[in-house]
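Mind the numbering: the sequence shown is residues 2 to 893 in full-length UniProt numbering, read in order. We put the beta carbon where it would ideally sit given N, CA and C, even for glycine. All values derive from a computational prediction rather than experimental measurement. Remarks on the structure that follows.
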Amino acid sequence: PKYVYDFAEGSKDMKDLLGGKGANLAEMTNLGLPVPPGFTITTEACQAYLKSGREPAELSAEVSEHLAALEAKMGKKLGQSDDPLLVSVRSGAKFSMPGMMETVLNIGLNDQSVRGLAAQAGNERFAFDSYRRLIQMFGKTVLGISGERFEDALEAAKDAKGATNDLDLDAEDLRALVETFKQVVVDQAGRPFPQEPREQMDLAVRAVFESWNTDRAVIYRRQERIPADLGTAVNIVAMVFGNLDMESGTGVAFTRDPASGSQGIYGDYLQNAQGEDVVAGIRNTVPLADLEQIDKRSYGELLQIMQTLEEHYLDLCDIEFTIERGKLWMLQTRVGKRTAAAAFRIATQLVDQGLIDMDEAVNRVTGAQLAQLMFPRFDAQSAKSDVKRIGTGMNASPGAAVGKVVFDSYTAVKWSRSGESVILVRRETNPDDLNGMIAAAGILTSRGGKTSHAAVVARGMGKTCVCGAESLDVNTKQRIMRAPHGIEVHEGDVISIDGTSGEVFLGEVPVVASPIVRYFEGELDPEADDADDLVKAVDRIMKHADGRRRMSVRANADTAEDAARARRFGAQGIGLCRTEHMFLGERRQLVEQLILADTDEEQERELAELLPLQRADFVELLEQMDGLPVTIRLLDPPLHEFLPDITELSVRVAVAEARGEKREGDLRMLQAVHRLHEQNPMLGLRGVRLGVVIPGLFEMQSRAILEAAAERIKAGGVPRVEIMVPLVANVQEFETVKQDIIQVARDVRSETGVHLEFLVGTMIELPRAALTADQIAEAAEFFSFGTNDLTQTTWGFSRDDVEAAFFSAYLEKGIFGVSPFESLDVEGVGELVRIAAEKGRSHRPGLKLGICGEHGGDPDSVHFFERVGLDYVSCSPFRVPVARLEAGRSMT
Ligand code: PEP
Ligand code: MG
2 PKYVYDFAEG SKDMKDLLGG KGANLAEMTN LGLPVPPGFT ITTEACQAYL
52 KSGREPAELS AEVSEHLAAL EAKMGKKLGQ SDDPLLVSVR SGAKFSMPGM
102 METVLNIGLN DQSVRGLAAQ AGNERFAFDS YRRLIQMFGK TVLGISGERF
152 EDALEAAKDA KGATNDLDLD AEDLRALVET FKQVVVDQAG RPFPQEPREQ
202 MDLAVRAVFE SWNTDRAVIY RRQERIPADL GTAVNIVAMV FGNLDMESGT
252 GVAFTRDPAS GSQGIYGDYL QNAQGEDVVA GIRNTVPLAD LEQIDKRSYG
302 ELLQIMQTLE EHYLDLCDIE FTIERGKLWM LQTRVGKRTA AAAFRIATQL
352 VDQGLIDMDE AVNRVTGAQL AQLMFPRFDA QSAKSDVKRI GTGMNASPGA
402 AVGKVVFDSY TAVKWSRSGE SVILVRRETN PDDLNGMIAA AGILTSRGGK
452 TSHAAVVARG MGKTCVCGAE SLDVNTKQRI MRAPHGIEVH EGDVISIDGT
502 SGEVFLGEVP VVASPIVRYF EGELDPEADD ADDLVKAVDR IMKHADGRRR
552 MSVRANADTA EDAARARRFG AQGIGLCRTE HMFLGERRQL VEQLILADTD
602 EEQERELAEL LPLQRADFVE LLEQMDGLPV TIRLLDPPLH EFLPDITELS
652 VRVAVAEARG EKREGDLRML QAVHRLHEQN PMLGLRGVRL GVVIPGLFEM
702 QSRAILEAAA ERIKAGGVPR VEIMVPLVAN VQEFETVKQD IIQVARDVRS
752 ETGVHLEFLV GTMIELPRAA LTADQIAEAA EFFSFGTNDL TQTTWGFSRD
802 DVEAAFFSAY LEKGIFGVSP FESLDVEGVG ELVRIAAEKG RSHRPGLKLG
852 ICGEHGGDPD SVHFFERVGL DYVSCSPFRV PVARLEAGRS MT
């Protein structure tokens with residue numbers, strides 16, 4: 002392959018090969034903009050180096066050829082002693098990884114050429130300053146010397162002079178500093194600073210290759226889901242100098258404000274400086290607008306170029322530039338990163354300017370950005386510095402929450418009823434904590450990962466959650482949380498948790514509500530004259546996405562309240578109502594009694610007590626979703642989840658026995674717990690298996706659903722009920738339960754005299770169900786993919802344990818880039834979905850297909866579900882707008 006491209010040979014569409022920086026330098030060169038000449042070593046060369054530990058054999062000769070061309074163009078040779086060509090060696094991967102990889106400037110300077118440079122520039126100070134920068138950067142980047150060694154020496158030189166600013170050091174001082182730096186290299190690296198220019202360049206190129214795998218680059222890629230094997234390109238660019246004199250300088254500019262999207266002059270400029278001075282914040286920059294006073298001609302040219310770039314890229318661009326003695330040079334441009342708010346604003350602005358159409362605008366924003374806009378946030382302006390950070394955990398569910406610490410669900414509910422904002426702090430949470438979680442403003446746990454109970458539930462509720470903050474020691478019995486440095490947090494103390502960063506603060510950080518949620522709630526009118534332009538932008542984009550999408554979007558909702566919110570957020574029905582949540586709280590007793598029942602009569606009595614409660618739940622739900630489909634799932638979790646913990650109960654019984662007391666109730670309960678105890682409850686008596694073993698349970702639930710529907714019809718409503726059977730693996734299981742449901746329906750029809758229409762369908766959440774979907778489709782009227790369990794059973798990963806156990810190692814080693822519980826594993830689990838959809842429809846054309854696992858609200862997964870032709874995705878109410886947007890984007 003060809004490993005080196007001159008800038009004139011590339012284009013902006015060659016990012017895979019030339020990296021973002023190289024591709025855009027090429028594009029600007031070909032646009033006729035003032036780019037210093039140079040060439041790019043491809044990402045393929047880097048990949049080859051990273052694989053074998055050696056540069057590809059052809060690379061050196063190709064570099065020589067392009068270097069010779071560069072030297073010819075510039076009329077001087079690299080490091081030439083009387084008039085040296087100097088180059089920068091800059092990293093640049095396909096995706097921008099700001100500050101993650103390396104760059105070395107001023108390559109080509111040595112003890113001789115520094116004098117040549119001084120003579121040519123007529124500026125000795127400048128030449129020695131450039132030389133010391135080279136030794137410093139080279140030492141750090143190529144030779145791995147700690148940057149502090151050089152910084153300390155620089156500080157010492159300034160101190161000796163009584164200077165505070167680098168500019169106060171004169172040529173003499175800098176010449177001495179160069180000698181000091183060279184000695185630092187000898188001491189630290191055990192070798193002298195290389196004087197041979199080509200050796201400097203080759204070593205710098207290699208260091209850039211290697212910087213692909215620095216810790217910070219690896220962590221950044223994981224966070225941003227950038228594949229680990231892309232490698233970086235390397236750009237060799239003729240140096241231009243912003244540090245020649247006060248007629249020179251360097252700056253950054255944006256064609257629009259990347260924070261708000263507003264148009265105007267945005268950027269910073271620094272006179273007499275090289276690029277890293279701006280970034281490092283050593284000296285204070287001036288606003289870009291001031292450049293007009295400093296250098297009117299360059300300023301005018303820059304504005305002109307910025308306009309050219311925007312019109313060419315049709316998007317916000319950010320730019321790095323240098324002015325060398327009044328001559329403007331473009332060092333970099335790219336389509337700039339922006340905040341979520343700016344993304345929406347800019348997309349619609351560009352439409353209004355006639356630069357892009359609405360389809361493209363929808364493409365320019367992401368569901369992740371929309372989600373960001375929906376969470377309440379800590380006010381970025383108010384520094385978090387007044388409060389103390391006491392820990393950091395996983396950013397399990399974004400948002401910002403402030404409240405008093407409580408350690409149990411009961412207190413959470415009690416305090417929140419009396420109007421307090423509370424943060425529920427637990428070591429980990431379990432289903433029993435649900436009420437407390439609902440009552441709390443936020444949830445903090447010291448154990449568990451992003452798919453722990455706390456995290457999943459919190460995300461579902463759109464509630465801020467930080468989990469696995471391991472430095473915090475939570476003692477719920479003593480009602481105390483201990484943080485490092487002897488800090489103790491007691492019940493009632495105020496803390497703030499940031500679900501976006503995972504930080505935990507002692508004290509109150511101010512929070513602002515999201516206007517976007519208020520818009521979705523219908524509280525803000527986007528058509529109003531004084532409507533925020535962000536709200537207007539979001540509204541326009543949502544409307545277009547809704548118009549484009551083929552899939553409908555439903556919500557996973559278990560309560561009337563959630564259903565109502567989901568509907569306001571645009572849900573077109575309920576894709577999953579998990580009925581187990583209706584068995585918690587006060588009803589738990591009844592469930593316990595049901596499980597303990599010795600005789601059929603007892604069992605029927607308990608079921609009869611549950612029936613009206615369930616029916617009332619469903620009436621409310623159907624009322625909220627009147628006219629829209631509502632999928633209600635029959636009970637899924639293993640029964641032991643409703644019983645006390647086996648260890649606790651055993652202890653209680655043993656203690657009682659030792660005291661000579663006999664507690665009948667506890668004893669009976671313990672027997673039941675033992676009877677139901679399973680090694681692998683997730684693979685045990687749950688879902689349809691419960692329906693087969695205890696038919697009365699599913700019959701009661703079906704009756705409650707159908708009676709609720711009949712009641713709604715009598716009240717003039719339009720209930721559209723879909724009864725869903727969970728965890729089906731084979732068609733006979735499903736048919737057994739379906740027969741019972743049909744019988745119940747007959748009974749309800751004749752009892753109420755109401756003609757009921759409803760569907761009976763199944764979840765597809767086991768591989769066997771997916772593979773025999775054709776048979777199952779003979780009996781089932783719809784499928785809903787339960788991709789949580791399908792992921793668990795396809796990989797053989799326990800969804801409850803996996804994060805703590807080994808996911809971090811898997812993520813670290815790149816076995817997967819993102820947890821398959823978060824974003825659908827398209828190749829494996831997705832293939833089962835595809836097969837089941839195809840087989841199902843082959844036996845029942847028009848079979849309704851949906852998905853109700855967590856993936857229903859994950860942007861990448863939504864695009865996959867569009868590709869396999871599902872009818873709808875279902876996700877938590879707060880994700881509904883995200884799914885709507887992504888379903889729309891999947892069509893553009
Ligand atoms: C699933 O398994 O994907 C599903 C939606 O069901 P649950 O998460 O309740 O097991
Ligand atoms: Mg499931």
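query	result
From M240 to A362, what distance separates their C-alpha atoms?	38 Å
With a Cβ-Cβ cutoff of 9 Å, do S502 and A456 count as a contact?	no
Where does W213 sit, in a helix, a strand or coil, going by DSSP?	coil
Return the CA-CA distance between A837 and K849, expressed in angstroms with no decimal places.	12 Å
By the three-class DSSP mapping on this structure, what secondary structure does residue 905 have?	Any question about residue 905 goes unanswered here, given that the chain covers just 2 to 893.
Evaluate D14 with the Cβ neighbour count: other Cβ atoms within 10 Å of its Cβ, from every protein chain shown; 16 or more gives buried, anything less gives exposed.	exposed
Sort E66, G688 and V654 by Cα distance to E581 and report the nearest one.	G688
Do A572 and A556 have their CB atoms nearer than 9 Å?	yes
For T367, I'd like the list of residues in its chain whose CB is within less than 7 Å of its CB, leaving aside the five on either flank, ordered along the chain.	P860
How many Å lie between F643 and L585 at the Cα?	8 Å
Is G718 near ligand 2, judged by its Cβ being under 8 Å from some heavy atom?	no
Whose C-alpha, out of N25, G443 and G392, is nearest the C-alpha of R483?	G392
Around the C-beta of R298, are 16 or more other C-beta atoms found within 10 angstroms, so that it is buried, or is it exposed?	exposed
For G243, which of helix, strand or coil comes out of DSSP?	coil
Report the rounded CA-to-CA distance for L668 versus R390, giving the unit in angstroms.	47 Å
Using a Cβ-based criterion (distance less than 8 Å to any ligand heavy atom), does D637 qualify as near ligand 2?	yes
Is it the case that the Cβ atoms of T465 and I444 are separated by a distance below 9 Å?	yes
Tell me, please, which residues DSSP counts as bridged to H491.	I481
Might you give, ordered along the chain, the residues of its own chain that have their beta carbon closer than 6 Å to the beta carbon of R427, omitting 5 neighbours on each side?	T446
So what's S131 in DSSP terms, helix, strand or just coil?	helix
Quick check on N166: buried or exposed, where buried means 16 or more other Cβ atoms within 10 Å of its Cβ?	exposed
Where does N273 fall in DSSP's three states?	coil
Less than 8 Å between the CB of T788 and some heavy atom of ligand 1, yes or no?	yes
To which residues does DSSP link C47 through a beta bridge?	Answer by DSSP bridge pairing: none, since C47 is not bridged.
I need the straight-line Cα distance from K537 to G858, nearest angstrom please.	23 Å
Is it the case that the Cβ atoms of E72 and L86 are separated by a distance below 9 Å?	yes
Tell me the DSSP secondary structure of K328 in three-state form.	strand
Would you grab the beta carbon distance between E45 and L18 for me? Rounded to a whole angstrom, and I think it's under 8 Å.	7 Å
Grouping DSSP H, G and I as helix and E and B as strand, with all else coil, what is D7?	strand
For E758, is the beta carbon positioned less than 8 Å from some heavy atom of ligand 1?	no
Relative to ligand 2, is the shortest distance from any of its heavy atoms to the C-beta of L445 smaller than 8 Å?	no
What does DSSP give as the partner residues of P288 in its beta bridges?	D269
Enumerate in chain order the residues of its own chain whose CB-to-CB distance from Q604 is below 7 Å, with the five nearest sequence positions on each side excluded.	L595, A598 and G697
DSSP puts G109 in a beta bridge; with which residues?	None; G109 has no bridge partner.
Give a single yes or no on whether L728 has its beta carbon closer than 8 Å to a heavy atom of ligand 2.	yes
Sort out for me which residues DSSP pairs V467 with in a bridge.	N396 and L445
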